[in-house]
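Quick note on the working numbering: the sequence shown kicks off at 59 and runs consecutively. All residues carry an ideal CB built from backbone N, CA and C; glycine is no exception. Scroll down for the structure; my scribbles are underneath it.
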Amino acid sequence: MTPSDLTTDPLDRAARRRVRAKLGWYKHALIYVCVNAGLALIAWQSGRNWAMYPMLGWGLGLALHGASVWLLAPGSAWRERMVARERARLSPPH
């Protein structure tokens, strides 16, 4: 934890939390690409196409991780647009 993580500003804390989540997903994606490239190379050299199974399984996990970061997390643009639409629907007409 850095001193800047100890801020009392809720907006700053939320922004830092979202940045950590996004960087976590980028790290996850980079590891996915590197490991699966290695597995694909090993599978290619062995003459079999078994590497697609870990790619598909891990790819699903990566997609779900991405959805939790960009679509479902508080403050995400998609979620905020949905909240704004619901507020507009629920607010009384002026």
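Identify the continuous alpha helix (DSSP H) that holds residue i and give its terminal residues.
i      : result
Pro68  : Pro68 to Ser104
Leu114 : Met110 to Trp128
Ala142 : Ala135 to Leu148
Give me the Cβ distance between residue i and residue j, rounded to the nearest whole Å; I'm assuming they're in contact under 8 Å.
i      : j      : result
Pro112 : Leu130 : Not really, about 25 Å apart at Cβ, beyond 8 Å.
Ala72  : Gly133 : 6 Å
His154 : Leu120 : Here the chain covers residues 59 to 152 and nothing more, so residue 154 does not appear.
| query | Does the segment 65-82 come close enough to the segment 118-136 that 3 or more CB-CB pairs lie under 8 Å? | reply | With a cut-off of 8 Å, the segment 65-82 and the segment 118-136 count as touching, because enough Cβ pairs lie within range.
| query | Are three or more beta carbon pairs between the segment 86-106 and the segment 139-150 nearer than 8 Å? | reply | no
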